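Visitor: Just add 1149 to the spot in the sequence shown (first one is 1) and you have the numbering used here.
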Amino acid sequence: MAGIGRDEAFTDSSGRRYELVDDKVSAAEALARIASADVVAWDDCGCGGDCGFVWLDKAQIAALAAAGEPITHRRQPGHVSTWQSADGAQLVLISGKVLWGTVIAPG
Ligand SMILES: [Zn+2]
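Put into structure tokens, the structure is as follows:
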């Protein structure tokens, strides 16, 4: 199952494992990372993925890169973390109440 396991590695939908690089990047860093991300996962309710992730396709990732920096709200928990696999693949995980262009817009 995709998500963060007991060993704190993140497993994506294809079974690839990633180690945490930074558990809460700045908005500027998130924007810088998204352009080179191989996989982008969105945990829209912020539960850690118990109810599943949204996996962004290449067009959606490009849309985030074009949209500028993500917006987080002080009173609503939301953050962006970065992960890397042993073979160098980059994963960006968007968790909780993050607003980013028109793709990442929690209900
Ligand atoms: Zn959830």
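A virtual CB, placed ideally from N, CA and C, is assigned to each residue, including glycine. As the structure is a computational prediction, the values presented were derived from the model and not from experiment.
Leaving out five residues on either side along the sequence, give the residues of the same chain with a beta carbon under 7 Å from the beta carbon of Cys1194.
Guide: Correct list, in chain order: Cys1200.
Visitor: Look at Ala1179 and Glu1218 and say whether their C-beta atoms are less than 8 Å apart.
Guide: It is a contact, given that the beta carbons lie within the stated cut-off.
Visitor: Touching or not, the stretch 1206–1213 and the stretch 1150–1164, by the rule of three or more beta carbon pairs under 8 Å?
Guide: With the cut-off at 8 Å, the stretch 1206–1213 and the stretch 1150–1164 do not touch.
Visitor: Quick one, which of Asp1206, Gly1250, Asp1156 has its alpha-carbon nearest Ser1162's?
Guide: Among Asp1206, Gly1250, Asp1156, the Cα nearest to that of Ser1162 is on Asp1206.
Visitor: Run the CB neighbour count on Asp1192, radius 10 Å, all protein chains shown included, and call it buried at 16 or more, exposed below.
Guide: The residue in question, Asp1192, is buried, as its Cβ has 16 or more Cβ neighbours within 10 Å.
Visitor: Can you name the start and end residues of the alpha helix (DSSP H) that Ala1214 belongs to?
Guide: 1207–1216 is the span of the alpha helix (DSSP H), which, as asked, contains Ala1214.
Visitor: In chain order, which alpha helix (DSSP H) runs of at least 4 residues are fully inside the stretch 1159–1213?
Guide: With a minimum length of 4 residues, the continuous alpha helix (DSSP H) runs that stay inside the stretch 1159–1213 are 1176–1183.
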